[in-house]
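If you're matching positions, the sequence shown starts at 1 in the UniProt record's numbering and goes up one per residue. Here a beta-carbon is modelled for each residue, glycine too, at the ideal position from N, C-alpha and C. The next block holds one structure in the form of structure tokens; read it before the comments.
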Amino acid sequence: MKSTLPPKKSAPDPASIHHRLNVKAFAQNKQMPAILRNEILEALSYYPELKETEIDFVLSENIKRSVMLAQPKLSTLLRGAGQRGYVIKISRYFKVPGERTKIETLPADILVGWLGHELGHIMDYLHRSTWGLARFGVGYLVSRKYFRKAERVADTYAIQHGLGNKIVATKNYILDHAQLPARYKAKIRRLYLSPEEIMELIDAAD
1 MKSTLPPKKS
11 APDPASIHHR
21 LNVKAFAQNK
31 QMPAILRNEI
41 LEALSYYPEL
51 KETEIDFVLS
61 ENIKRSVMLA
71 QPKLSTLLRG
81 AGQRGYVIKI
91 SRYFKVPGER
101 TKIETLPADI
111 LVGWLGHELG
121 HIMDYLHRST
131 WGLARFGVGY
141 LVSRKYFRKA
151 ERVADTYAIQ
161 HGLGNKIVAT
171 KNYILDHAQL
181 PARYKAKIRR
191 LYLSPEEIME
201 LIDAAD
């Protein structure tokens, strides 16, 4: 099973492009909780290709081993790639041993980086057939190598869309969090790109 990296392209210049956009325009075909509306719209504004894509952002009490999770909607799975809908599940709490922090209280840049990564997964899904998505799901669950490659693809999309610094901030927030167990941080280092690797991708995209 292969997870293909997106084609290399020049990253958008946030100063000249992103900050001129009206982020409210990106609410089209989107459902989102009011408490995260600003962060969600900001993340979406980096992905103009997703402006008309149906995406539901849903707070969840039951995400296992993740803070956010992007998936195609099962009810739209048999549609063509351009007609599918997607859901991004967002944990109601950021959990560390002995403590639960409401997700909306995390720093805005951290949330935008996290959301931008999940939107990178959706960009990846848009280029897959129904059968390709099924194979992706199996590979993601059973192969550590495939899992890591899929996460690299999502980060690469986010970086190419101008979210590199926010992705780095999100990774550092996790790895520098004093209350997260060392075992969890080791898992993050093992399966996800490091801040240093992300900086290399940012440099390569320039």
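Minimum Cα-Cα distance from residue 177 among the listed residues 92, 78, 110 and 79 corresponds to 110. A residue is called buried once 16 or more other Cβ atoms fall within 10 Å of its Cβ, and residue 75, having fewer, is exposed.
Within the model, the alpha-carbon separation for residue 131 versus residue 27 is close to 29 Å. Residue range 37 to 45 is occupied by the alpha helix (DSSP H) that includes residue 42.
Bridge partners of residue 101 according to DSSP: 94. For residue 68, the enclosing beta strand (DSSP E) has its first and last residue at 68 to 72.
A Cβ-Cβ contact shorter than 9 Å links residue 85 with residue 73. Taking the Cβ atoms as the reference, residue 169 lies roughly 6 Å from residue 113, within the contact range of under 8 Å. In the structure shown, the three-state DSSP call for residue 200 is helix.
Residue 52 carries a coil assignment under DSSP once its states are collapsed to helix, strand and coil. Boundaries for residue 23: no alpha helix (DSSP H) harbours it, and the DSSP string shows neither H nor E there. C-alpha of residue 52 to C-alpha of residue 135: approximately 26 Å in a straight line.
Around the C-beta of residue 61, fewer than 16 other C-beta atoms lie within 10 Å, and the residue is accordingly described as exposed. Distances from the CA of residue 46 to each of 35, 160 and 54 were compared; the closest alpha carbon is that of 160. Contact between residue 36 and residue 104 holds, with the beta-carbon distance rounding to 6 Å and staying under 8 Å. According to the DSSP secondary-structure assignment, residue 57 is paired through a beta bridge with 88. DSSP, read as helix, strand or coil, puts residue 30 in strand. In this structure, residue 165 lies away from residue 188, with their beta-carbon atoms at least 9 Å apart.
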